[in-house]
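For the sequence shown, the working numbering puts the final residue at 275, and the numbers step up evenly by one. Glycine included, every Cβ here is placed at the ideal spot set by N, Cα and C.
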Amino acid sequence: MDKIYIEELEIFANHGVFKEEKKLGQKFLISLELFLDLSEAGKSDNLEKTVHYGLLCEKIEEEFKSKTFDLLEAAAENLAQFILLNYDKIERVKLMIKKPWAPIGKSVKYAAVELDRKWHNTYIAFGSNLGNKKENIYNAIEYINSSTHTKVIKVSSLYETKPVGYENQDNFINGTLQAKTLLSPKELIAFLLDVEKKLKRERTIKWGPRTIDLDVLLYDNLITSFEEIVIPHPRMHERMFVLEPLCEIAPYVIHPILDKRIYELKELLCKIQK
């Protein structure tokens, strides 16, 4: 991946735990590695195909001075998120903030925080069989896309499917979506559970009726065994109501455990179900 470097941008701001730091302010030095594709800019010599780092420095200074944080960690997190949310071309940012006047009481060159943040690619299954099913789904998608950390890229068609497991309930409307997110897997599932709660999802019967169901299927090429979230979804390859819409928007994505593309998993399941 190509990079743009900004080294030790000097900004005077009012971050710090102590009252004097907030009142008097101090110097901070901000360094960035911006990861993006520079091939179009290199071939076309067109500024619009890249990031104007002069204007970026102005925006960084404006954002860094617009809020006050106790911790350098919080200031860095806020700045990384600001960059990724406001510059579509930037896929990843490595950011270091140095504090040369840190009130440590010892002779040090500086104290610093460095972090590395990027957009993650995820696929999410959705389904509803209570109330206005389509409205529930559209509302869920809107909740996700209107967040400050997760943006919807593609949405599949809607598919009507029969219930699985607990069959004494109405048919479902199912589908999948692709999104990019700044959240970790645990943060993402917590966010989706909150969306379900807003849409009055109640968990009374396993695989029972629900206003909305949101499941993380894939997250980058990650394989997890967290208690909160297992990735890839452990039953996605057994469910045609997942594979069919997922194949529509991501047929060539590879399942990181089964080492097969989504369209291959769909073909295998079709043969099993015949």
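Bounding residues of the alpha helix (DSSP H) (the contiguous stretch that carries residue i)
i           : result
residue 195 : 186-199
residue 146 : 134-146
residue 83  : 73-87
Nearest-angstrom Cβ-Cβ length linking residue i and residue j, presumed shorter than 8 Å
i           : j           : result
residue 73  : residue 16  : 7 Å
residue 162 : residue 186 : That belief does not hold up - the Cβ atoms of residue 162 and residue 186 are roughly 26 Å apart, past 8 Å.
residue 144 : residue 198 : Actually they are not in contact, since the Cβ atoms of residue 144 and residue 198 sit about 11 Å apart, beyond 8 Å.
residue 173 : residue 128 : 5 Å
residue 157 : residue 257 : About 21 Å; that fails the 8 Å criterion.
Residue i and residue j closer than 8 Å at C-beta
i           : j           : result
residue 28  : residue 13  : yes
residue 30  : residue 11  : yes
residue 176 : residue 138 : yes
residue 238 : residue 266 : yes
residue 77  : residue 61  : no
residue 154 : residue 181 : yes
residue 34  : residue 100 : no
residue 244 : residue 123 : no
residue 75  : residue 116 : no
Residue i, enclosing beta strand (DSSP E) - first and last residue
i           : result
residue 220 : 214-220
residue 267 : Where residue 267 is concerned, there is no enclosing beta strand (DSSP E), although the alpha helix (DSSP H) it sits in stretches over 263-274.
residue 250 : That residue, residue 250, is in no beta strand (DSSP E); its alpha helix (DSSP H) goes 241-250.
residue 39  : Careful: residue 39 lies outside any beta strand (DSSP E) and carries neither H nor E.
residue 21  : Careful: residue 21 lies outside any beta strand (DSSP E), inside the alpha helix (DSSP H) at 20-25.
residue 60  : Taken as a continuous stretch (DSSP letters only), residue 60 belongs to no beta strand (DSSP E), being part of the alpha helix (DSSP H) at 54-67.
residue 151 : 151-156
residue 93  : 93-100
residue 118 : 112-119
residue 13  : 3-14
residue 253 : Element bounds for residue 253: n/a, residue is neither H nor E.
residue 17  : Per DSSP, residue 17 belongs to no beta strand (DSSP E) and is neither H nor E.
residue 50  : Looking at the DSSP string, residue 50 is not in any beta strand (DSSP E), and its letter there is neither H nor E.
residue 103 : Run containing residue 103: none; DSSP gives neither H nor E here.
residue 181 : 173-182
residue 162 : 160-162
Cut-off 8 Å between Cβ atoms - residues of its own chain near residue i, not counting five sequence neighbours on either side
i           : result
residue 184 : 121, 150, 151, 192
residue 171 : 130, 131, 164, 210
residue 274 : 241
residue 2   : 36, 37, 38, 92, 93
residue 111 : 30, 99, 100, 101, 103
residue 18  : 71, 72
Same chain only: Cβ atoms within 6 Å of residue i, ignoring 5 sequence neighbours per side
i           : result
residue 254 : 263
residue 9   : 30, 32
residue 179 : 124, 154, 155, 250
Residue i versus the options, residue with shortest Cα-Cα distance
i           : options            : result
residue 216 : 190, 239, 228, 200 : 190
residue 328 : 134, 70, 246, 182  : In the structure displayed, the chain extends from 2 to 275; residue 328 sits before or after that span and is not available.
residue 79  : 118, 48, 267, 232  : 118
residue 48  : 90, 147, 7, 8      : 90
residue 147 : 104, 7, 196        : 196
residue 57  : 50, 87, 25         : 87
residue 6   : 269, 46, 51, 236   : 51
residue 63  : 109, 84, 140, 227  : 84
residue 103 : 43, 21, 44         : 21
residue 66  : 44, 19, 26, 18     : 26
residue 201 : 259, 260, 236, 136 : 136
Cβ-based neighbour list, residue i, same chain, cut-off 7 Å, excluding 5 preceding and 5 following
i           : result
residue 248 : 263, 264, 267
residue 229 : 187, 190
residue 252 : 262, 263, 264
residue 231 : 225
residue 222 : 257
residue 54  : 5, 7
residue 113 : 97, 98, 99, 100
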